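Note that my numbering has the sequence shown beginning at 1, numbered continuously upward. Idealized CB from N, CA, C, for every residue including glycine. All values derive from a computational prediction rather than experimental measurement. Notes to accompany the following structure.
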Amino acid sequence: QRVTHIATRGKALLTHFSGGLTLYSHNQLYGVWRVVDAGVEPQSNRVLRVRLQTASKAILLYSASDIDILTAEQVANHPFLLRVGPDVLDMTLTAEQVKARLLSAKFRNRQFSGLLLDQAFLAGLGNYLR
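See below:
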């Protein structure tokens, strides 16, 4: 399997594979990814949860507690992903889409400073601001 692309949704990371499956991982408060040379096993007190490796490099996920392999349908219906808004790192997200969300019935009467921390409005921004 090859990684075709990686997308973020707040603290959730979606690693999409060529076979159509997606690795869903949410770092919670303690999860951390590390990039190392292939075959290297860094000293760590953390629990290794995921290792993806090429001939030269590996990415290691430590201590995350919410990890799953999902089909496209499962990704589309995942409870966490249904709750969060579009990710601020999504390059397809436009200013018009953000404006439409801001003016929507769900968000228009909210204080702007609170919206910036609300993952349902825009995922990822609150992680940076906190």
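So, at 6 Å on beta carbons, what are the nonlocal neighbours of residue i in its own chain, with the 5 sequence-adjacent residues on each side left out?
i: His16; result: Thr4, His5 and Thr22
i: Leu13; result: Ser25
i: Arg46; result: Tyr62 and Ser63
i: Asn27; result: Lys11 and Ala64
i: Gln97; result: none
How would you label residue i, buried or exposed, when you count the other beta carbons within 10 angstroms and need 16 or more for buried?
i: Gly20; result: exposed
i: Tyr30; result: exposed
i: Arg51; result: exposed
i: Lys99; result: exposed
i: Arg2; result: exposed
i: Ala95; result: exposed
i: Ala123; result: buried
i: Gly126; result: buried
i: Leu60; result: buried
Note down the Cα distance separating residue i from residue j, rounded to an integer number of angstroms.
i: Pro86; j: Leu116; result: 13 Å
i: Val32; j: Arg101; result: 31 Å
i: His78; j: Asp68; result: 11 Å
i: Thr92; j: Ala7; result: 11 Å
i: Asp90; j: Gly114; result: 21 Å
Take residue i and list the residues in its own chain whose beta-carbon comes closer than 7 Å to its own, dropping the five residues that flank it on each side.
i: Ala120; result: Arg83, Val84 and Gly85
i: Ser44; result: Tyr62
i: Leu81; result: Arg9, Ala12 and Val75
i: Leu48; result: Leu60 and Tyr62
Legend entry - Validate contact between the region 53 to 66 and the region 26 to 41 using beta carbons, cut 8 Å, 3 pairs: In short, these stretches touch, since the Cβ pair count reaches three.
Inset, instruction - Evaluate contact between the region 100 to 108 and the region 61 to 73, counting only Cβ atoms and requiring at least three cross-stretch pairs below 8 Å. - result: Contact fails: fewer than three Cβ-Cβ distances are below 8 Å.
Inset, instruction - Within the region 22 to 90, note down every full alpha helix (DSSP H) run reaching 4 residues or more, in order along the chain. - result: If you keep only unbroken alpha helix (DSSP H) runs of at least 4 residues inside the region 22 to 90, you get 72 to 76 and 79 to 83.
Inset, instruction - Pick out the complete alpha helix (DSSP H) segments inside the region 90 to 129, 4 residues or longer, and give them in chain order. - result: Within the region 90 to 129, the complete alpha helix (DSSP H) runs of at least 4 residues fall at 95 to 103, 112 to 117 and 125 to 129.
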